[in-house]
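>
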Amino acid sequence: PLRRYIPKNPYQYKVWYVVNSTYFEYLMFTLILLNTICLAMQHHGQTKNFNDAMNILNMLFTGLFTVEMILK
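Residue numbers for the sequence shown follow the working numbering, so the first one is 309 and each next one is one higher.
1. State the CB to CB distance for the pair residue 350 and residue 362, rounded to an integer number of angstroms; the pair is presumed to be in contact (CB under 8 Å).
2. Pull up the CB-CB distance for residue 327 and residue 368, whole angstroms please, since I reckon it's below 8 Å.
3. Three-state secondary structure (DSSP) at residue 359?
4. Taking Cβ positions, are residue 372 and residue 347 nearer each other than 8 Å?
5. Who are the Cβ neighbours of residue 332 in its own chain at under 8 Å, not counting the five residues just before and after it?
6. Just to confirm the assignment: which complete alpha helix (DSSP H) runs, minimum length 4, are found wholly within the segment 326 to 352?
7. Mapping the DSSP letters down to three states, classify residue 354 as helix, strand or coil.
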């Protein structure tokens, strides 16, 4: 784009500022990395407790990525 959109509404500006920050990008990169590690840990024959923990982590990551999508 030729120009960058900067919201005029104070609340939207705060959200825009956070979402476009380097800190937020590093946070999302870290979440992607942790999610990848969790997916790589799954294996055939895993215990029920491990399976339950992985399901909870998958739901948590899905929720966090959904929040990112809504904010952006």
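Note that the Cβ used here is the ideal one computed from N, Cα and C, for glycine as well.
Quick answer:
1. With a Cβ gap of about 6 Å, residue 350 and residue 362 count as contacting.
2. Contact between residue 327 and residue 368 fails: their C-beta atoms lie close to 20 Å from each other, not under 8 Å.
3. helix
4. no
5. 326
6. 330 to 349
7. coil
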